[in-house]
Amino acid sequence: MNNHNNIKDELKELNSMLADMPRSMPYAVPQGYFNQLPEHAAATVMAGDRELTIKHDAPYDVPADYFDQLPSKIMAKVTAEETGNRRVFVPRAQWLTAAMLAMIISIGGFITFSTHKEAPEQMLSSVPQAELQSYVQTRYALDVNEVLKEGNINDLNIDNKDIIAYLNETGWE
7 MNNHNNIKDE
17 LKELNSMLAD
27 MPRSMPYAVP
37 QGYFNQLPEH
47 AAATVMAGDR
57 ELTIKHDAPY
67 DVPADYFDQL
77 PSKIMAKVTA
87 EETGNRRVFV
97 PRAQWLTAAM
107 LAMIISIGGF
117 ITFSTHKEAP
127 EQMLSSVPQA
137 ELQSYVQTRY
147 ALDVNEVLKE
157 GNINDLNIDN
167 KDIIAYLNET
177 GWE
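Per my numbering, the very first residue in the sequence shown carries number 7; after that it's consecutive.
Encoded structure:
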């Protein structure tokens with residue numbers, strides 16, 4: 007009995023629905039059912055002379071002469087549809103809208119992709135020289151002491167004339 011109480015307590019701690027359910031079985035077998043089962047089964051098999059009560063009635067009824075009249079009804083409907091005036095519906099507004107949309111997209115694409123963009127060299131030449139120099143000085147400032155630590159400038163094998171020519175070409179003052 008102690009084990010049963012421990013299980014119930016554990017189920018209550020887990021907030022399980024099983025904690026409140028009774029421990030009895032929901033179904034019961036009559037007393038002596040399995041003792042009488044072979045005799046009862048044999049008696050049922052031996053009583054095969056009973057008639058089976060299966061109904062052969064159809065759940066739906068078909069009207070009288072339905073299938074005799076069916077071909078004539080079908081032909082009447084087919085000929086009625088053939089003789090009727092048919093209007094061919096051409097959705098002009100939809101076609102016009104689609105054509106206009108395609109034309110607008112085509113013109114927009116042509117304008118977007120056919121404009122001659124300015125070359126980077128031309129764009130750079132339009133920037134004032136003083137502005138370029140200040141940009142380079144603020145962005146790419148070199149610490150001379152750091153450069154000298156990495157190696158001797160004399161070991162670079164650059165002639166002073168080359169340096170002066172470079173500075174004259176770039177416009178440094």
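Using N, Cα and C, we set each Cβ at its ideal position, and we do this for glycine too.
Remember, predicted model here, so these are calculated numbers, not experimental data.
Reduced DSSP secondary structure (H/G/I, E/B, other) of residue i
| i | result |
| --- | --- |
| Gln37 | coil |
| Pro44 | helix |
| Ala53 | coil |
| Tyr172 | helix |
| Asn8 | helix |
| Thr121 | coil |
| Asp15 | helix |
| Trp101 | helix |
| Gly177 | coil |
| Met27 | coil |
| Ser112 | helix |
| Pro69 | coil |
| Leu6 | Not covered by the structure: residue 6. The range shown for the chain is 7 to 179. |
| Asn163 | coil |
| Asp63 | coil |
| Pro77 | helix |
Contact under 7 angstroms by Cβ, residue i with residue j
| i | j | result |
| --- | --- | --- |
| Gly177 | Gln135 | yes |
Span of the alpha helix (DSSP H) around residue i
| i | result |
| --- | --- |
| Leu130 | 126 to 131 |
| Tyr141 | 135 to 145 |
Nearest candidate by alpha-carbon position, reference residue i, set the options
| i | options | result |
| --- | --- | --- |
| Gly38 | Val68, His46, Thr118 | His46 |
| Met1 | Tyr33, Pro36, Lys14 | Because the chain is modelled from 7 through 179, residue 1 falls outside the range shown and cannot be assessed. |
Test: residue i CB closer than 7 angstroms to a CB of chain C
| i | result |
| --- | --- |
| Pro126 | Here there is only one protein chain, and chain C is not present. |
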